[in-house]
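Numbering (the numbering used here), first residue to last: 1 to 257.
Note that beta-carbon positions come from the ideal geometry of N, C-alpha and C, so glycine has one too.
Note that this is a predicted model, so its numbers are computed, not measured.
One structure is given below, encoded as structure tokens.
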Amino acid sequence: MQFDEKALRHLEVTYRAPEVAAQRRILLETIAGRAGERALDIGCGPGFVTEELAHAVGPSGEVHAMDNSESSVEMTRQRCAELGNVQVQVAEVTKLPYPDNYFDLAVSTQVYEFVLDIQTALSELHRVLSPGGRAAIIDTDWHTILWHSGNPARMARVLKAWDEHLAHADLPRTLGTLLRNAGFSVRECKAISYLDTEFKPEGYSYNMTKTIRGFVRDRQGITRQEADAWADELRELAGAGAYFFNLNRYLFLAEKR
Ligand SMILES: C[S@@+](CC[C@H](N)C(=O)[O-])C[C@H]1O[C@@H](n2cnc3c(N)ncnc32)[C@H](O)[C@@H]1O
């Protein structure tokens, strides 16, 4: 999946959805950043989390944000331009450009699921946190999805093709073990459920439908017409009052032992 300028603009709209804003509130409450702390946002994307973290740690604190997409870094820089306590840079999650034991806390939402070498990425997270430092990680389990369709075979094929957009479609199932292997204690795991029974332009699943339709075209034998028909059916179901979408994300709070 390419996080280029066009994708980032659409991600920014998608991540303004009420479900995603509510997820950010849960994330920020769970990580509980305090004034003066040093915080890291891994895979900052459009920078909403970076901005909120900067307010949490205040002017006496620091927030460092990184992403391997230039467009993400640029969007986060612009969003945080007025904040004096934010530094943003291009980097890889498997090679974090920060000293050992530097951060009091780190967050990473919807990033590790894209990373093939997850164990190296988690070792890097562990290295840059101070002893007792905390990390809040959110990833989606795409195999928890319930998305109603009158054509379940087509829905299943579309979702199978969509699995190709990331390295681990069901990372939360093993994330606790991977975190412990990297030297963390897992303090908490919460499910965050996205439920849409209406197909509203401001909703998460409405915007994801556009992303998925574009991604699955010409993958696993799905034609452009089939992808369009899949998306059209969701609109029709909504018109008939029969729309239903549910997907779970999982938040892990871990501590460096
Ligand atoms: C779905 S977005 C999530 C953005 C942000 N964390 C949020 O929740 O608003 C995933 C982000 O992870 C970044 N990313 C994916 N793989 C990465 C890697 N190996 N190193 C650094 N960033 C990565 C992408 O460029 C993208 O900006």
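*By a C-beta neighbour count over all protein chains shown, 10 Å radius and 16 as the cutoff for buried, is Arg224 buried or exposed?*
What you label residue 224 is simply residue 224 of the sequence shown in a count that begins at 1. By the neighbour-count rule (16 or more Cβ atoms within 10 Å), Arg224 is not buried but exposed.
*Going by the beta-carbon positions, is the gap between Ala121 and Tyr112 smaller than 9 Å?*
Taking the sequence shown and counting its residues from 1, one reaches residue 121 at position 121. Taking the sequence shown and counting its residues from 1, one reaches residue 112 at position 112. The answer is yes: Cβ separation under 9 Å.
*Can you tell me where the beta strand (DSSP E) with Tyr194 in it begins and where it stops?*
What you label residue 194 is simply residue 194 of the sequence shown in a count that begins at 1. Unbroken beta strand (DSSP E) run through Tyr194: 184-196.
_Considering only their Cβ atoms, is the gap separating His165 from Met259 smaller than 9 Å?_
Only positions 1 to 257 of the chain appear in this structure, which leaves residue 259 out of reach.
*For His148: DSSP bridge partner residues*: In the sequence shown, counting from the first residue as 1, residue 148 sits at position 148. In the DSSP output, where bridge partners are listed per residue, His148 has none listed.
*Under the criterion of a Cβ to heavy atom distance below 8 Å, does Thr109 qualify as lining ligand 1?*
Here residue 109 is taken as the residue at index 109 of the sequence shown, counted from 1. Checking every heavy atom of ligand 1 against the Cβ of Thr109, one is found closer than 8 Å.
*Consult DSSP for Tyr206 and reduce its assignment to one of helix, strand or coil.*
Position 206 of the sequence shown, counting from 1, holds the residue named residue 206. Residue state, collapsed to three classes: helix.
*Residue span of the beta strand (DSSP E) that contains Thr109, given as start and end*: Working through the sequence shown from its first residue, we reach residue 109 at position 109. Per DSSP, Thr109 belongs to the beta strand (DSSP E) from 103-109.
*Pick from Asp117, Asp104, Gln110 that is closest to Leu129, judged by C-alpha positions*: If you number the sequence shown from 1, residue 129 lands on position 129. Answer by Cα proximity: Asp104.
*asked:* Just verifying my parser: in three-state terms, what is the DSSP assignment at Thr140?
replied: As a working note, residue 140 is residue 140 in the sequence shown. If DSSP states are grouped into helix, strand and coil, Thr140 belongs with the strands.
*Is the beta carbon of Ser60 within less than 8 Å of some heavy atom of ligand 1?*
Position 60 of the sequence shown, counting from 1, holds the residue named residue 60. Not under cutoff, so the answer is no.
*Should Leu234 and Thr211 be called a contact, given that it needs their Cβ atoms to be closer than 9 Å?*
Working through the sequence shown from its first residue, we reach residue 234 at position 234. Working through the sequence shown from its first residue, we reach residue 211 at position 211. Going by C-beta atoms, Leu234 is not nearer than 9 Å to Thr211.
*Straight-line CA distance for Ala32 to Val57?*
For the purposes of this step, residue 32 is identified with residue 32 of the sequence shown, where counting begins at 1. For the purposes of this step, residue 57 is identified with residue 57 of the sequence shown, where counting begins at 1. Looking at the two C-alpha atoms, the distance is approximately 9 Å.
*If you draw a straight line from the alpha carbon of Asp228 to that of Arg213, how long is it in whole angstroms?*
In the sequence shown, residue 228 corresponds to position 228, counting from 1. In the sequence shown, residue 213 corresponds to position 213, counting from 1. Those two C-alpha atoms are separated by around 7 Å.
*Alpha-carbon spacing of His148 relative to Ala191, whole angstroms*: Translated into the one-based positions of the sequence shown, residue 148 becomes position 148. Translated into the one-based positions of the sequence shown, residue 191 becomes position 191. One C-alpha to the other measures close to 21 Å.
*Alpha carbon to alpha carbon, how far is Gly239 from Ser69? Give it in angstroms, no decimals.*
Mapped onto the sequence shown, residue 69 falls at position 69. Mapped onto the sequence shown, residue 239 falls at position 239. Taking the Cα positions, Ser69 is about 38 Å away from Gly239.
*Taking the Cβ atom as the reference point for each residue, do Glu188 and Leu251 lie within a distance shorter than 9 Å?*
Start at 1 with the first residue of the sequence shown, and residue 188 comes out as number 188. Start at 1 with the first residue of the sequence shown, and residue 251 comes out as number 251. Contact: yes.
*Cβ atoms of Gly45 and Arg77: under 9 Å apart, would you say?*
Working through the sequence shown from its first residue, we reach residue 77 at position 77. Working through the sequence shown from its first residue, we reach residue 45 at position 45. Between Arg77 and Gly45, the C-beta spacing is not below 9 Å.
*What are the boundary residues of the beta strand (DSSP E) that Val86 is part of?*
In the sequence shown, counting from the first residue as 1, residue 86 sits at position 86. Start and end: 86-90.
*ligand 1 heavy atoms versus the CB of Thr94: any closer than 8 Å?*
Reading the sequence shown from its first residue, position 94 is the one you call residue 94. Within the cutoff, so yes.
*Give the secondary structure of Met66 by DSSP, where H, G and I count as helix, E and B as strand, and everything else as coil.*
The residue labelled residue 66 in the question sits at position 66 within the sequence shown. Strand at Met66.
*Residue(s) in a DSSP beta bridge with Asp163*: For the purposes of this step, residue 163 is identified with residue 163 of the sequence shown, where counting begins at 1. Answer by DSSP bridge pairing: none, since Asp163 is not bridged.
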